[in-house]
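Trainee:
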């Protein structure tokens, strides 16, 4: 910020107020062989073009390390390009951002499309072999492949901010207040480089999501030009498409609520995206989390077909969470209904009613699960 | 209730508490010829079966009197059965429950599928002619047709309730309090036979909708067996499918808010159901109504493709309305995003931002409309 020397590649820009929005970068694990030709990460346009170029050479197979959002989206994308795809995940469940019960349904969807899923295996090395690659992992993994994609999450890109004296917080992200101000005078930070205030936990977290970045950027920008706006906080709302499935969540899961000192109950229920007498109805699986002591809604997870309005259904729960509504009061919401598109009680509401029945039946503190629905 | 004589067809049932749920019946206008063979209304299963039987005789054409929800749904249904369909509406716009700007788009969708739409015509008579029917209307309508469907709304079915001494209110519906209690001791009423408390207007209306009936029935039932629950009110949220379109609304429209003494501004905006760089994105038309004085959200209307999550998007607005949120605070909602399903600012939020820009530009009190989007 105070550098006064400029080389040919440097330019000096003065500022009254500054917004640092340096984003995140992919975690690059200390994996022997990660620099090998044929091993890719995804961050910049350049990374994408490199992979695109590799695909033009028609590789037959890919191993994707990491079964999070990007890993699963890339599994679908590479499958669509004709590659035999294997996803390797260190944890026991794919898509670890949702409960394992939903992760199992996602795994089924991947396998239905011919994706091989290897769970509970930590990749330990990538080796070059006869023009191809071998991925090794523990326990007992040895996989020959043409290309490897390492997508194991991101970390905040904070070099510039730290050089400017900005303090860091959770996960090393730039620390900001609700107005997105840093400790450095007239310097704001926003997006994936900064911490994320969590509306329910009332504390900083790190949730690098596009929606959050947009909101934080708007707040930082407004304040930078003399406004006074606060970031109202994230609920961690997110959704991913995995082949024909949409999987979405908002708010806290059981273990997250418990870690925050709450007494959560998570109840799984199933319903249909619209009345079954109208053609084309499909099953939905809802997992609703509420606080046993206060009845307050804490979170919702929903899985269903891509055409079943899963994202916007979770958004209804997100709007309720934003306002601190109880599980019971979800049934008071006046939601739209017509047989081709829904039910008089939407699955968000029938899920709330199932939660109340489970709570009143005294099953406090443990997860309840009915028979699996058909999708 | 106190009758002690029982004929063969009467039974006497004693009660501690009673819930009257006699529903609504179609308005039967004093139309010369309405009793003619080939003229149908829709209410009971029997009515549906009669029409079904008529269709088995393969009529070539149908005139539908009334372009509300049922009229448009039946236009699509009869079109699917191969009939040439004409819809006749007394008002200048089809689907008069949404603004004329959206009504015009709905009309376009009907005409695109070969439905003939006649607006601003009051049907005056149906006559039998050579085994067929002629529908006459003012000004200047004379239409030959095989069948006629008269679907011009419903009215509360209150004969039983009135006989029991229950007072009536708006539109002659049974008057109830928030606990769904009538003036008659231990007698509740719920659903289409009863008035509807409006959450925004804070007064009784008549909004015979399935969702409202379900909520009122649950409240009445709970109170009838000793509970204590209040109906939290309707927002008039509703949606209809018209061929490939979904049209939904919640809350107040401009003229309704104005009639309630508010100072509304309605702003139309357009957006896409998901990021346009992901295949298959489609346009959405949003009309957002807010109160200029307080900034409070008053209502939302949304029109788009049947696959564009229109119903649940309006439900997000409905959840916000339920909680009395401002238009501005819609942008604070943490909604789910992934490119195949949405945008970092959902159309509900970009519509809110468009509303604020219009308000701040000083266009108070009149409707603003940008160029029409493509669908």
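Chains as they are written, first to last, in the working numbering: chain A, 25 to 399; chain B, 25 to 399.
Don't be surprised by glycine CBs; every beta carbon is placed ideally from N, CA and C.
Using a Cβ-Cβ cut-off of 6 Å (strictly less than) and excluding sequence neighbours within five positions of residue 91 of chain B, which residues of its own chain qualify?
Mentor: The residue you call residue 91 of chain B lines up with position 67 of the second chain. For residue 91 of chain B, where only same-chain residues beyond five positions count, the Cβ hits under 6 Å are 111, 113, 118.
Trainee: Do we get a CB-CB distance below 7 Å when we pair residue 348 of chain A with the residues of chain B?
Mentor: As a working mapping, residue 348 of chain A is identified with position 324 in the first chain. False, the Cβ-Cβ gap to chain B never drops below 7 Å.
Trainee: Helix, strand or coil: how does DSSP classify residue 236 of chain B here?
Mentor: The sequence position of residue 236 of chain B within the second chain is 212, counting from 1. The answer is helix: DSSP assigns residue 236 of chain B an H, G or I state.
Trainee: When we look at the beta-carbon of residue 396 of chain B and count the other beta-carbons within 10 Å, is it buried (16 or more) or exposed?
Mentor: Here the question's residue 396 of chain B lines up with position 372 in the second chain. Residue placement at residue 396 of chain B cannot be trusted, given a pLDDT of 45 that sits under 50; the coordinates are not used to answer.
Trainee: How long is the line joining the alpha carbons of residue 285 of chain A and residue 346 of chain A, rounded to whole angstroms?
Mentor: Numbered from 1 along the first chain, position 261 holds the residue referred to as residue 285 of chain A. Numbered from 1 along the first chain, position 322 holds the residue referred to as residue 346 of chain A. If I take the Cα positions, the gap works out to 20 Å.
Trainee: Give the interface partners of residue 16 of chain B over in chain A, defined as CB-CB distance under 7 Å, in chain order.
Mentor: Residue 16 of chain B lies beyond the range of chain B shown here (25 to 399); nothing can be said about it.
Trainee: Could you give the residue range of the beta strand (DSSP E) that holds residue 50 of chain A?
Mentor: As a position in the first chain, residue 50 of chain A is number 26, starting the count at 1. It spans 48–50 - the beta strand (DSSP E) in which residue 50 of chain A sits, taken as one unbroken run.
Trainee: Name the DSSP bridge partner or partners of residue 262 of chain A?
Mentor: For the purposes of this step, residue 262 of chain A is identified with residue 238 of the first chain, where counting begins at 1. Bridge partners of residue 262 of chain A: A:273.
Trainee: Alpha carbons only, please: which of B:168, B:169, B:172, B:211 is nearest the one belonging to residue 188 of chain B?
Mentor: Here residue 188 of chain B is taken as the residue at index 164 of the second chain, counted from 1. Cα-wise, what sits closest to residue 188 of chain B is B:211.
Trainee: Roughly how far, in whole angstroms, is the beta-carbon of residue 231 of chain B from the beta-carbon of residue 329 of chain B, given that I think they are within contact range, below 8 Å?
Mentor: On the second chain, position 207 is the one that residue 231 of chain B refers to. On the second chain, position 305 is the one that residue 329 of chain B refers to. Actually they are not in contact, since the Cβ atoms of residue 231 of chain B and residue 329 of chain B sit about 27 Å apart, beyond 8 Å.
Trainee: Could you name the residues of chain B that residue 365 of chain A contacts, counting a contact when the two beta carbons are closer than 7 Å?
Mentor: Within the first chain, numbered from 1, the residue matching residue 365 of chain A stands at position 341. Those within 7 Å of residue 365 of chain A in chain B are 263, 265, 270, 335.
Trainee: Do residue 314 of chain B and residue 263 of chain B come within 7 Å of each other at the CB atom, strictly closer than that value?
Mentor: To locate residue 263 of chain B, count along the second chain from 1; it is residue 239. To locate residue 314 of chain B, count along the second chain from 1; it is residue 290. Taking 7 Å as the Cβ cut-off, residue 263 of chain B and residue 314 of chain B do not qualify as a contacting pair.
Trainee: So which residues on chain A does residue 344 of chain B lean against when the C-beta distance must stay under 9 Å?
Mentor: Mapped onto the second chain, residue 344 of chain B falls at position 320. By Cβ distance, chain A contributes 343, 346, 347.
Trainee: How about the region 251–259 of chain A and the region 282–302 of chain A: do they share at least three Cβ pairs that are nearer than 8 Å?
Mentor: no
Trainee: At what residues does the alpha helix (DSSP H) containing residue 310 of chain A begin and finish?
Mentor: As a working note, residue 310 of chain A is residue 286 in the first chain. Counting along the chain, residue 310 of chain A falls outside any alpha helix (DSSP H), though it belongs to the beta strand (DSSP E) covering 307–315.
Trainee: Does DSSP classify residue 288 of chain B as helix, strand or coil?
Mentor: On the second chain, position 264 is the one that residue 288 of chain B refers to. In the structure shown, residue 288 of chain B sits in a strand (DSSP, three-state: E or B).
Trainee: Beta strand (DSSP E) containing residue 278 of chain B: first to last residue?
Mentor: Position 254 of the second chain holds residue 278 of chain B. Here residue 278 of chain B belongs to no beta strand (DSSP E); instead the alpha helix (DSSP H) covers 278–283.
Trainee: Just the chain B side, please: which residues come within less than 7 Å of residue 340 of chain A by C-beta, in chain order?
Mentor: Reading the first chain from its first residue, position 316 is the one you call residue 340 of chain A. The answer, in chain order, is 336, 339, 340, 343.
Trainee: Does any residue of chain A have a CB that is nearer than 7 Å to the CB of residue 238 of chain B?
Mentor: For the purposes of this step, residue 238 of chain B is taken as residue 214 along the second chain, with counting starting at 1. Interface residue, yes.
Trainee: For residue 50 of chain B and residue 65 of chain B, which I take to be in contact (beta-carbon distance under 8 Å), what is that distance rounded to the nearest angstrom?
Mentor: For the purposes of this step, residue 50 of chain B is identified with residue 26 of the second chain, where counting begins at 1. For the purposes of this step, residue 65 of chain B is identified with residue 41 of the second chain, where counting begins at 1. Contact flag correct, Cβ pair sits at about 5 Å.
Trainee: Spell out the partners DSSP gives residue 228 of chain B in its beta bridges.
Mentor: Counted from its first residue, the second chain places residue 228 of chain B at position 204. Note: residue 228 of chain B sits in a beta bridge opposite B:221.
Trainee: Report buried or exposed for residue 148 of chain A, applying the criterion of at least 16 other Cβ atoms within 10 angstroms of its Cβ.
Mentor: The residue you call residue 148 of chain A lines up with position 124 of the first chain. That one is exposed.
Trainee: Just the chain B side, please: which residues come within less than 7 Å of residue 256 of chain A by C-beta, in chain order?
Mentor: Here residue 256 of chain A corresponds to residue number 232 of the first chain, with the count starting at 1. Residues of chain B passing the Cβ test: 356.
Trainee: Below 8 Å on the Cβ atoms is my contact criterion, and I expect residue 343 of chain B with residue 360 of chain A to pass it. Report the Cβ-Cβ distance as a whole number of Å.
Mentor: Counting from one through the second chain, the residue named residue 343 of chain B turns up at place 319. Counting from one through the first chain, the residue named residue 360 of chain A turns up at place 336. That belief does not hold up - the Cβ atoms of residue 343 of chain B and residue 360 of chain A are roughly 11 Å apart, past 8 Å.
Trainee: By DSSP, does residue 114 of chain A sit in helix, in strand, or in coil?
Mentor: Within the first chain, numbered from 1, the residue matching residue 114 of chain A stands at position 90. Correct three-state label for residue 114 of chain A: coil.
Trainee: Just verifying my parser: in three-state terms, what is the DSSP assignment at residue 74 of chain B?
Mentor: The residue labelled residue 74 of chain B in the question sits at position 50 within the second chain. Helix, per DSSP.
Trainee: Mapping the DSSP letters down to three states, classify residue 332 of chain A as helix, strand or coil.
Mentor: One-based indexing of the first chain puts residue 332 of chain A at position 308. DSSP places residue 332 of chain A in coil when its eight states are reduced to three.
Trainee: Taking its Cβ as the centre, do 16 or more other Cβ atoms sit within 10 Å of residue 358 of chain A, making it buried, or is it exposed?
Mentor: Taking the first chain and counting its residues from 1, the one referred to as residue 358 of chain A is at position 334. Residue 358 of chain A comes out buried.
Trainee: Kindly list, in the order they appear in chain B, the residues whose Cβ is closer than 7 Å to that of residue 331 of chain A.
Mentor: Sequence index remark: in the first chain, residue 331 of chain A carries index 307 (1-based). Within 7 Å Cβ-Cβ: 331.
Trainee: According to DSSP, is residue 360 of chain A helix, strand or coil?
Mentor: The residue labelled residue 360 of chain A in the question sits at position 336 within the first chain. Looking at residue 360 of chain A - three-state DSSP - the assignment turns out to be coil, as it is neither helix nor strand.
Trainee: Going by C-alpha distance, which of A:86, A:32, A:192 is nearest residue 63 of chain A?
Mentor: For the purposes of this step, residue 63 of chain A is identified with residue 39 of the first chain, where counting begins at 1. Comparing alpha-carbon positions, the option among A:86, A:32, A:192 lying closest to residue 63 of chain A turns out to be A:86.
Trainee: Residue 84 of chain A and residue 151 of chain A - do their beta-carbons sit closer together than 7 Å?
Mentor: Residue 151 of chain A sits at position 127 when you count from the first residue of the first chain. Residue 84 of chain A sits at position 60 when you count from the first residue of the first chain. No, the pair does not count as a contact, with Cβ atoms beyond the cut-off.
Trainee: Kindly say whether residue 127 of chain A, judged by its beta-carbon, lies nearer than 7 Å to any beta-carbon of chain B.
Mentor: Walking along the first chain from the start, residue 127 of chain A turns up at place 103. No, its Cβ sits nowhere closer than 7 Å to a Cβ of chain B.
Trainee: From the DSSP output, in three-state form, read off residue 131 of chain B for me.
Mentor: The residue you call residue 131 of chain B lines up with position 107 of the second chain. If DSSP states are grouped into helix, strand and coil, residue 131 of chain B belongs with the helices.
Trainee: Buried or exposed for residue 261 of chain B, please, with buried defined as at least 16 other CB atoms from any protein chain shown within 10 angstroms of its CB.
Mentor: Taking the second chain and counting its residues from 1, one reaches residue 261 of chain B at position 237. So residue 261 of chain B ends up on the buried side.
Trainee: For the alpha helix (DSSP H) containing residue 185 of chain B, list its first residue and its last residue.
Mentor: Here residue 185 of chain B refers to the residue found at position 161 when the second chain is read from its first residue. That run of the alpha helix (DSSP H) goes 183–187.
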